[in-house]
Amino acid sequence: MPYAIGTKLKLLISGTEQEQLEENDLCAKYNIQYSKEQFLLRWSTLSRLSEYARKTTIQLIQPYYQLDQFILFIEQNLSLLKYIENRYLTNNKNRCYT
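The opening position of the sequence shown corresponds to residue 6 in this note's numbering, with each subsequent residue numbered one higher.
Right under this line is the structure:
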């Protein structure tokens, strides 16, 4: 999963392959939504007294929730990420440190 996140971040910053990025966005958002629906379905079938089953079910949804939050953060801070890239990654090639 970290490779996919890094790839998405690179595509967002570079601004290239916009169609592929939109398609990946739709797939990621669909998978996250599907996982949320499956979680709610599982959760509704659990006994209120089964603490272990509830903890296990919550652990299954956690990576999807974190990915959803990461995608939301990237989308909201894209201009900041482009600024950081321009400031620290592309402009440092010509600097000489002594």
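Backbone N, C-alpha and C define an ideal beta-carbon position, used for all residues, glycine too. All values reported here derive from a predicted model rather than from experimental measurement.
ask   = Helix, strand or coil: how does DSSP classify Leu65 here?
value = The count along the sequence shown starts at 1 and reaches residue 65 at position 60. Leu65 falls in the helix class under three-state DSSP.
Residue-chain proximity (Asn36, chain D), Cβ-Cβ < 8 Å = Within the model displayed, chain D is absent; a lone protein chain is all it includes.
ask   = DSSP three-state call for Arg53: helix, strand or coil?
value = Here residue 53 refers to the residue found at position 48 when the sequence shown is read from its first residue. Three-state result, Arg53: coil.
key: Cβ-based neighbour list, Thr103, same chain, cut-off 7 Å, excluding 5 preceding and 5 following   = Walking along the sequence shown from the start, residue 103 turns up at place 98. Residue placement at Thr103 is flagged as unreliable, the pLDDT there being 47, under the threshold of 50; a coordinate-derived value is accordingly withheld.
ask   = Can you tell which of Thr61, Pro68, Ile89, Ser84 has its C-alpha closest to the C-alpha of Gln38?
value = Working through the sequence shown from its first residue, we reach residue 38 at position 33. Out of Thr61, Pro68, Ile89, Ser84, Pro68 has the C-alpha closest to the C-alpha of Gln38.
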